[in-house]
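Student:
In the numbering used here, the protein residues as written are 238 to 319.
Dropping the structure here:
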């Protein structure tokens, strides 16, 4: 039951992210093996993934940001101290 609840919460998170991070939101639903026509929100919590639902292969959603790149961004965008 805990895994089912967690997967349903991840699905709901993908819906909330849709307006702000549509690509990531779509990737989450792909990994959950949910079709686009399945998404929508109701006023009450429902188990959107039915019992026995098979999820797809889990993959990282974001690339690792290397320390060197962080330093480059800091140098470029940090501004100046007053």
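C-beta atoms are modelled at their ideal positions from N, C-alpha and C, and glycine is treated no differently.
What's the C-alpha gap between residue 280 and residue 295?
Tutor: Spanning the two alpha carbons is a distance of roughly 29 Å.
Student: Given this structure, state the Cα-to-Cα distance separating residue 267 from residue 278, to the nearest angstrom.
Tutor: When rounded, the distance between both Cα atoms is 18 Å.
Student: Check for me: the alpha helix (DSSP H) holding residue 264 runs from which residue to which?
Tutor: Taken as a continuous stretch (DSSP letters only), the alpha helix (DSSP H) holding residue 264 covers 259-268.
Student: Taking Cβ positions, are residue 252 and residue 292 nearer each other than 8 Å?
Tutor: No; because the gap between Cβ atoms is not below 8 Å, this pair is not in contact.
Student: Check residue 299 in the structure and name its three-state DSSP category.
Tutor: Coil, per DSSP.
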